[in-house]
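As structure tokens, the structure follows; a few thoughts come after it.
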Ligand SMILES: Cc1cc2nc3c(=O)[nH]c(=O)nc-3n(C[C@H](O)[C@H](O)[C@H](O)COP(=O)(O)O)c2cc1C
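Structure below.
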């Protein structure tokens with residue numbers, strides 16, 4: 021019997037290592053007629069903010085070689101609506117649900133998380149999106165500063181006992197340093213990576229392909245960047261690492277596990293096939309058998 025379960029903590033065991041990535045699977049309810057989400061290892065919701073957000077003006081996405089560019093701008097229903105309309109459904113699922121949280125000040129992150137805690141519903145935990153501009157620090161992202169990452173993690177740690185992972189940005193000089201700051205602040209895990217800064221321009225019209233100009237690159241194009249980031253982060257911390265970036269097949273899951281990941285998230289590929297996560301997790305036992313491994317854990321960090 022091949023074991024694909026993943027132990028993230030004493031309280032949290034995933035049925036398999038495949039989660040959906042924030043912002044690419046809605047609130048987990050849009051695809052409910054298309055895919056049995058309970059077969060996933062987990063779901064990460066799109067990032068929730070204190071107030072509802074319309075997001076950036078269109079065009080917000082563009083295709084590019086082996087990936088996509090996006091600047092959605094954290095469009096979401098806001099925390100109150102989320103708690104009322106979305107969380108009860110999510111809490112009833114038989115898979116691990118992680119609520120992604122975003123904010124433009126530390127107080128805002130804490131308020132969003134505390135509001136969700138007050139709803140007092142059963143779900144696994146949180147993913148903290150620190151790739152957000154901090155308005156009090158002139159728009160500098162939380163995730164590029166180790167001190168801000170540590171302090172934010174500490175403040176959120178004080179507000180919840182649930183599992184909490186910090187999602188790292190690749191757009192930094194030393195991602196290991198930021199990961200360590202999250203660990204020191206009390207994170208249970210880190211996930212890596214968020215999108216890579218990118219841009220495209222129409223050569224004829226001169227228009228940016230995505231309205232904000234600078235935007236986020238995702239999909240298979242960034243897989244080698246994500247793999248390197250996971251490898252560096254896994255060397256830097258002793259908490260679990262969740263790999264994200266360009267994953268499109270069971271083989272990719274094993275690549276990330278070999279780089280040191282406990283589990284993975286699938287983002288952009290959900291747009292091609294919302295059932296991809298379930299298909300990939302179903303293929304894992306066969307692939308592990310072919311490799312000669314009895315469990316995923318046996319392969320973690322095994323690279324030469
Ligand atoms: C359309 C779109 C929206 C996204 N929205 C969020 C978001 O709200 N919060 C977040 O932390 N990451 C967000 N991301 C980043 C993904 O969760 C993921 O980290 C990134 O796309 C890399 O994974 P992938 O290559 O599998 O897509 C978004 C990505 C895309 C493509």
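Residue numbers (my numbering): 21 to 324. C-beta atoms are modelled at their ideal positions from N, C-alpha and C, and glycine is treated no differently.
> When the distance is taken between beta carbons, is residue 99 closer than 9 Å to residue 69?
Replying inline: Taking 9 Å as the cut-off, the Cβ atoms of residue 69 and residue 99 count as close.
>> Between 28, 24, 43, which has its C-alpha nearest residue 294's C-alpha?
In response: Of 28, 24, 43, the smallest CA-CA separation from residue 294 is found for 43.
> Does the distance from the C-beta atom of residue 41 to that of residue 286 stay below 9 Å?
Replying inline: The Cβ-Cβ distance between residue 41 and residue 286 falls below 9 Å.
>> Rounded to the nearest angstrom, what separates residue 297 and residue 52 at their Cα positions?
In response: When rounded, the distance between both Cα atoms is 13 Å.
>> By the three-class DSSP mapping on this structure, what secondary structure does residue 70 have?
In response: In this structure, DSSP gives residue 70 a state outside helix and strand, which the three-state scheme calls coil.
> Would you report the Cα separation of residue 130 and residue 177, rounded to the nearest angstrom?
Replying inline: Roughly 9 Å separates the two Cα atoms.
> What number of angstroms, rounded off, separates the C-alpha of residue 232 from the C-alpha of residue 164?
Replying inline: Going from the Cα of residue 232 to the Cα of residue 164 covers about 20 Å.
>> Between the alpha carbons of residue 62 and residue 39, how many angstroms are there, rounded?
In response: If you draw a straight line from the Cα of residue 62 to the Cα of residue 39, it comes to about 4 Å.
>> Nearer than 8 Å: is that true of the beta carbon of residue 246 relative to any heavy atom of ligand 1?
In response: It does: the Cβ of residue 246 is within 8 Å (strictly closer) of some heavy atom of ligand 1.
> Does the Cβ-Cβ distance between residue 266 and residue 243 come in under 9 Å?
Replying inline: In this structure, the beta-carbon distance from residue 266 to residue 243 falls below 9 Å.
> Expressed to the nearest angstrom, what Euclidean distance is found between the alpha-carbon atoms of residue 59 and residue 167?
Replying inline: One Cα belongs to residue 59, the other to residue 167, and the distance between them is close to 38 Å.
>> For the alpha helix (DSSP H) containing residue 115, name the first residue and the last one.
In response: For residue 115, there is no enclosing alpha helix (DSSP H), as DSSP marks it with neither H nor E.
>> Within 10 Å of its beta-carbon, does residue 71 have 16 or more other beta-carbons around it, so buried, or fewer, so exposed?
In response: The residue in question, residue 71, is exposed, as its Cβ has fewer than 16 Cβ neighbours within 10 Å.
> Does DSSP put residue 263 in a helix, in a strand, or in coil?
Replying inline: Looking at residue 263 - three-state DSSP - the assignment turns out to be strand.
> Tell me which same chain residues have a C-beta within less than 6 Å of the C-beta of residue 254, skipping the five on either side of it?
Replying inline: If the five residues before and after residue 254 are omitted, its C-beta is found closer than 6 Å to the C-beta atoms of 261, 280, all from its own chain and listed in chain order.
> What's the C-alpha gap between residue 57 and residue 225?
Replying inline: Going from the Cα of residue 57 to the Cα of residue 225 covers about 42 Å.
>> Going by DSSP in three states, residue 184 sits in which element: helix, strand or coil?
In response: Three-state DSSP puts residue 184 in a strand.
>> Does residue 171 come out as helix, strand or coil in the three-state DSSP assignment?
In response: Residue 171 falls in the helix class under three-state DSSP.
> Looking only at its own chain, which residues have a Cβ that is under 6 Å from the Cβ of residue 289, when we skip the five neighbours before and after it?
Replying inline: Within the same chain, Cβ atoms closer than 6 Å to the Cβ of residue 289 are found at 268, 296, the five residues on either side in sequence being excluded.
> How big is the Cα-Cα spacing for residue 67 and residue 120?
Replying inline: Each residue's Cα considered, the two are about 4 Å apart.
> Buried or exposed: residue 215, going by 16 or more other Cβ atoms within 10 Å of its Cβ?
Replying inline: When all chains shown are included, residue 215 counts as buried.
> In chain order, what residues of the same chain lie with their CB nearer than 6 Å to the CB of residue 156, ignoring the 5 residues before and after it?
Replying inline: Excluding sequence neighbours, residue 156 sits near 125.
>> Quick check on the burial criterion: 16 or more other C-beta atoms within 10 angstroms. Buried or exposed for residue 292?
In response: Residue 292 should be labelled exposed.
> How long is the line joining the alpha carbons of residue 317 and residue 152, rounded to whole angstroms?
Replying inline: Roughly 33 Å between the two C-alpha positions.
>> Could you check if residue 32 belongs to the surroundings of ligand 1, using beta carbon to heavy atom distance under 8 Å?
In response: For ligand 1, not one heavy atom lies less than 8 Å from the Cβ of residue 32.
> What are the start and end residues of the beta strand (DSSP E) that includes residue 81?
Replying inline: For residue 81, the enclosing beta strand (DSSP E) starts and ends at 81-84.
> Straight-line CA distance for residue 248 to residue 46?
Replying inline: Approximately 28 Å, taken between the alpha carbons.
> Considering only the beta carbon of each residue, do residue 146 and residue 169 sit closer than 9 Å?
Replying inline: Not in contact: residue 146 and residue 169 (Cβ atoms no closer than 9 Å).
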